[in-house]
């Protein structure tokens with residue numbers, strides 16, 4: 208059922224792309240006669256459909272590969288400083304990662320932001336946008352910050368958004384003995400445009 212729904216979405220996407228393509232060809236005067244018009248109209252949509260179905264299969268493979276590489280992030284991570292404990296909890300659900308960032312001070316817990324590592328709509332991927340993104344929503348705020356995935360490996364996940372105020376670059380790096388390093392870096396767009404970097408050291412709580 209899920210695959211059928213995906214194919215239906217892909218067909219609607221292709222109809223839109225196909226219509227735009229045909230209109231553009233008319234505008235450019237590419238159709239010299241009705242015969243050529245009929246040929247292109249007959250073949251362009253099926254060819255695009257075959258292509259999108261093929262790339263959907265590739266996306267499924269890539270999705271599993273990326274999730275497998277991100278799996279180490281799942282769990283509860285903590286770092287202590289002064290009288291405060293920062294906690295990041297990550298949980299894998301279906302084809303996305305759900306995260307929550309909290310601060311615990313004197314027994315009181317405050318949720319700072321909620322995060323997701325997820326896939327964007329397939330149409331955006333088809334049009335050339337990075338498929339995976341990291342999103343964060345500060346507590347009591349509807350503003351969503353979006354960081355496209357730059358690279359992922361077995362021990363690191365890198366996100367980058369040049370337009371963000373700060374940071375522009377987010378890096379999660381797995382270290383030995385259940386340690387993790389989270390690095391935030393980039394140009395401070397709100398102050399003096401200086402380059403700032405902060406590295407946070409976390410340790411993973413036992414399951």
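Residue numbers (the numbering used here): 208 to 414.
Ideal Cβ placement from N, Cα and C applies to all residues, glycine included.
Of the residues 362, 406 and 372, the one placed nearest residue 274, counting alpha carbons only: Translated into positions along the chain shown, residue 274 becomes position 67. The shortest Cα separation from residue 274 among 362, 406 and 372 belongs to 362.
Contact between the region 407 to 414 and the region 364 to 374 (3+ Cβ pairs under 8 Å): no
According to DSSP, residues forming a beta bridge with residue 322: In the chain shown, residue 322 corresponds to position 115, counting from 1. Beta-bridge pairing links residue 322 to 306 and 343.
Residue 412 vs residue 282 beta-carbon contact at 8 Å: Against the chain shown, residue 412 aligns to sequence position 205. Against the chain shown, residue 282 aligns to sequence position 75. Contact: yes.
Beta strand (DSSP E) segment containing residue 405, residue limits: As a first step, residue 405 must be located in the chain shown, where it is residue number 198. From DSSP, the beta strand (DSSP E) with residue 405 extends over 402 to 411.
Residue 273, DSSP secondary structure in three states: For the purposes of this step, residue 273 is taken as the residue at position 66 of the chain shown. Reduced to three states, the DSSP call for residue 273 is helix.
Nearest candidate by alpha-carbon position, reference residue 292, set 315, 344, 279 and 271: Mapped onto the chain shown, residue 292 falls at position 85. With distances taken between Cα atoms, residue 292 lies closest to 315.
Proximity below 8 Å, CB of residue 391 to CB of residue 382: Counting from 1 along the chain shown, the entry for residue 391 is found at position 184. Counting from 1 along the chain shown, the entry for residue 382 is found at position 175. Not a contact, by the Cβ cut-off of 8 Å.
Reference residue 419; option with closest CA among 367, 387, 400 and 341: Outside the displayed span of the chain (208 to 414) sits residue 419, for which this structure offers no information.
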